[in-house]
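A quick write-up on the structure given underneath.
Residue numbers (this note's numbering), protein chains in the order written: chain A, 1 to 471; chain B, 1 to 215.
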């Protein structure tokens, strides 16, 4: 009998029962809640007189609609009355049902996918869900983590299970040695370019190979984070010593005897050497250039030294999507991206707002200035603790001296629910995860890239090959 | 949840691939606290020429006359026929609520975003997967129609039809039963309450560190 994949192991570990048509009930160890996708779920509980199944499995935090300034004022600091009501509703619901909340003024507040691992709320071997597609992030710690809709949030609150179907297994192996200036963001963008935004539909994707083993847990989170942009609900990386070192000492991680017991189990969280995958993808990274999106789908990606494809080389025979994207982005087929002037820079999001991202940016911008043509360059740390650490390490001072705005934590300009957004036709170098039409603001033009590429763009005022700056 | 049995309705074509949930319901409307009242905001960025928000009355906004949902008979559409990977991106169930509140009952496409697909079932919408060729065939019939194209979807028989033409589709038995009866999935799952409790008890013993609360 063939061995099991990591996904198979996590699946069987949590399988409560399989119903007659193959729909399964999967036990959920942790649910993370936020203000946008939970109010209707709590309403549903109230409507049917239901209570949360297991309170200690849940944690809530406001992150999506919160402003990234005036945090010290708490709720009153939210100028948008509707957003304020939503954040207040989350607090009210948590108080009513007894769910633990990191509120707006809590030092631990932050983007839900940053604080989970940071607090040790995310532990290897767990199932984790959240009403947010980027829940895949947590798979970096060998957890089965999936984004769900609000009805499912309510379902998990009420039953501690998810009704779901088993996914197929895909393994993505990055081969070769990572060149300087190339990191996890480039790897995941290259994968999405290769398999497309629908390529991972119906799969859990495990990232493997020496390149992945050499990545920090934070970088693995970037990889798993954008797995959903490849169409797959879950991304995974096997447990190893890097994971163990990351988890130890986190506030909610087990200690002492419990930790030893947990680590014994965690050591099994890898695909068996004879496990078979439904699909295997290999990507050679030795010659990978920094990746940048040119269009309105994360699969519209090129190396920064390349050109936008010609219409003849469009991904689909039907070029209407490509033409629509080019038109929206104000670009032409065959055009290079190098030198393209930008209006705004956004460094943040659950993809790239952890301390290592900020350190890499600080290394690059120290002693430099944001270019005069850049109207706004904002850095939004992933959590209050990331913010405090960046300040303690002197990174914040470097950003501010370079002309960046240093903000409080939240999802911010990744989805533009607060006042951080793009205006019509504004072009942005962004470290976030989606370049959809209107994603960062109606009519805004997003180019996704790594944190150091966004930093290089900020300093030069246009899209730049960061490798030139590293020489 | 409204049971789904047979729907005969007008088709609105969205032939483009990769239509994401941000496009279906932009961020502004994620601030709403309710599960209903999103129909006027479906495809908001394309549908209106003037800006909108939760607190702006949509009837006071200027509509984009060239956008299909503003044109009769599509204003009364009940079936979307779309390109591949429909509903990719954000998990926001609000996108499904917007489709439902507009009056959409079913979506036919070659493939769907995984989370969106699940969200449809949880709101009584039927996502039907047909082959790329079949979807193109329906879109071609639609574009040739002088009047609007009406399709009949019979969930019991698992068919989409237009006159003599019939396209059968697959659906999981459990999902079909839930849609036909308009079942509440939580109520269904709670029938397995004992199994869940037993599983949890066993887990508590095997993986005790997962059940320690607080710092």
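Note that beta-carbon positions come from the ideal geometry of N, C-alpha and C, so glycine has one too. Quick caveat: nothing in here was measured; it's all calculated off a predicted structure.
Q.
Tell me the DSSP secondary structure of residue 328 (chain A) in three-state form.
A. DSSP places residue 328 (chain A) in helix when its eight states are reduced to three.
Q. Using a C-beta cutoff of 8 Å, does residue 63 (chain B) count as contacting chain A?
A. No, residue 63 (chain B) lies away from the interface with chain A (no Cβ there is under 8 Å from its Cβ).
Q) Run through DSSP, which three-state label would residue 242 (chain A) get? A) Residue 242 (chain A): helix per DSSP, three-state reduction.
Q) Hey, how far is the Cα of residue 369 (chain A) from the Cα of residue 426 (chain A)? A) A straight-line Cα-Cα distance of about 20 Å links residue 369 (chain A) and residue 426 (chain A).
Q. For residue 46 (chain A), which of A:155, A:229, A:69, A:124 has the nearest alpha-carbon?
A. Answer by Cα proximity: A:155.
Q.
By alpha-carbon positions, which one of A:240, A:223, A:239 ends up nearest to residue 232 (chain A)?
A. Minimum Cα distance to residue 232 (chain A) is reached at A:223.
**Q.** For residue 79 (chain B), the residue or residues it bridges with in DSSP
**A.** B:11, B:106, per the DSSP bridge assignment.
(Q) With a threshold of 8 Å between beta carbons, is residue 215 (chain B) in contact with chain A? (A) Any reading at residue 215 (chain B) must be qualified, since the residue scores a pLDDT of 44, below 50, and its modelled position is unreliable; no value is offered.
Q | Beta-carbon neighbours of residue 126 (chain A), restricted to chain B and to distances below 8 Å | A | Within chain B, the residues near residue 126 (chain A) are 210.
Q: Just the C-alpha distance for residue 53 (chain B) and residue 32 (chain B), rounded to the nearest angstrom, thanks.
A: Looking at the two C-alpha atoms, the distance is approximately 10 Å.
Q. Which residues bound the beta strand (DSSP E) around residue 58 (chain A)?
A. Judged by DSSP secondary structure, residue 58 (chain A) falls within the beta strand (DSSP E) whose first and last residues are 58-60.
Q. By DSSP, does residue 226 (chain A) sit in helix, in strand, or in coil?
A. Three-state result, residue 226 (chain A): helix.
Q. Assuming residue 266 (chain A) contacts residue 125 (chain A) under a Cβ cut-off of 8 Å, what Cβ separation, rounded to an integer in Å, is found between them?
A. Confirmed, Cβ separation roughly 6 Å.
Q | Test item: CB-CB of residue 19 (chain B) and residue 86 (chain B) under 8 Å | A | Yes. Within cutoff.
Q. Under a CB-based cut-off of 8 Å, is residue 36 (chain A) close to chain B?
A. For residue 36 (chain A), a Cβ of chain B is located within less than 8 Å of the residue's own Cβ.
Q. Can you name the start and end residues of the alpha helix (DSSP H) that residue 278 (chain A) belongs to?
A. It is not in any alpha helix (DSSP H) - residue 278 (chain A) carries neither H nor E in the DSSP assignment.
Q. Quick one, are the C-beta atoms of residue 36 (chain A) and residue 14 (chain A) less than 8 Å apart?
A. No; because the gap between Cβ atoms is not below 8 Å, this pair is not in contact.
Q: Can you grab the Cα-Cα spacing for the pair residue 6 (chain B) / residue 161 (chain B), in whole Å?
A: The straight-line gap from Cα to Cα measures roughly 11 Å.
Q) Under a Cβ-count criterion, where at least 16 other Cβ atoms within 10 Å of its own Cβ denotes burial, should residue 109 (chain A) be classed as buried or exposed? A) Burial call: buried.
Q. Is residue 139 (chain B) close to chain A, meaning its C-beta is less than 8 Å from at least one C-beta of that chain?
A. Not one chain A Cβ lies under 8 Å of residue 139 (chain B).
**Q.** Given 8 Å, three or more beta-carbon pairs between the stretch 293-301 of chain A and the stretch 175-192 of chain A
**A.** In the pairwise beta carbon analysis, the stretch 293-301 of chain A is classified as touching the stretch 175-192 of chain A: at least three pairs are separated by under 8 Å.
Q | Residue of B:94, B:138, B:193, B:205 minimising C-alpha distance to residue 36 (chain B) | A | Distances from the CA of residue 36 (chain B) to each of B:94, B:138, B:193, B:205 were compared; the closest alpha carbon is that of B:94.
(Q) In whole angstroms, give me the CA-to-CA distance for residue 5 (chain A) and residue 19 (chain A). (A) Approximately 23 Å between the Cα atoms of the pair.
Q.
Would the stretch 171-185 of chain A count as touching the stretch 250-268 of chain A if we require 3 or more Cβ pairs under 8 Å?
A. No, the stretch 171-185 of chain A does not touch the stretch 250-268 of chain A.
Q. Would a check of beta-carbon distances place residue 394 (chain A) closer than 8 Å to chain B?
A. In terms of beta-carbon proximity, residue 394 (chain A) stays away from the interface with chain B, with every pair separated by 8 Å or more.
Q) So residue 451 (chain A) is in the alpha helix (DSSP H); what residue range does that whole segment cover? A) Per DSSP, residue 451 (chain A) belongs to the alpha helix (DSSP H) from 451-460.
Q | Reference residue 422 (chain A), options A:382, A:388, A:336, A:345, closest by Cα | A | Ranking the options by Cα distance to residue 422 (chain A), first place goes to A:345.
**Q.** Near-chain E residues of the stretch 70-90 of chain B (beta-carbon distance less than 9 Å), N- to C-terminal order
**A.** You won't find chain E in this structure, because its protein chains are A and B.
Q | residue 215 (chain B) versus residue 255 (chain A) - alpha carbon distance | A | Unreliable placement is indicated for residue 215 (chain B), whose pLDDT of 44 sits below 50; no coordinate value is reported for it.
Q) Name the residues in the stretch 197-208 of chain A whose C-beta lies less than 7 Å from a C-beta of chain B; which are they? A) Listed in sequence order: 197, 198, 201, 202.
**Q.** Nearest candidate by alpha-carbon position, reference residue 214 (chain A), set A:136, A:228, A:243, A:225
**A.** For the residues A:136, A:228, A:243, A:225, the minimum Cα distance to residue 214 (chain A) belongs to A:243.
Q. For chain B, is any of its Cβ atoms less than 8 Å away from the one on residue 344 (chain A)?
A. The beta carbon of residue 344 (chain A) does not come within 8 Å of any beta carbon belonging to chain B, so the residue lies off that interface.
Q. Residue ranges of each alpha helix (DSSP H) run of no fewer than 4 residues wholly in the stretch 75-119 of chain A, ordered along the chain?
A. For the stretch 75-119 of chain A, whole alpha helix (DSSP H) runs of length 4 or above, ordered along the chain, are 81-97, 112-119.
Q. Can you find a C-beta in chain B that's less than 8 Å from the C-beta of residue 192 (chain A)?
A. Residue 192 (chain A) does not count as touching chain B.
Q. If you drop the 5 nearest sequence neighbours on each side, which residues of the same chain put their C-beta closer than 6 Å to that of residue 196 (chain B)?
A. Non-local beta-carbon contacts of residue 196 (chain B) in its own chain, meaning distances under 6 Å to residues more than five positions away in sequence, are absent.
**Q.** Secondary structure of residue 122 (chain A), DSSP reduced to three states
**A.** Secondary structure of residue 122 (chain A) (DSSP, three-state): coil.
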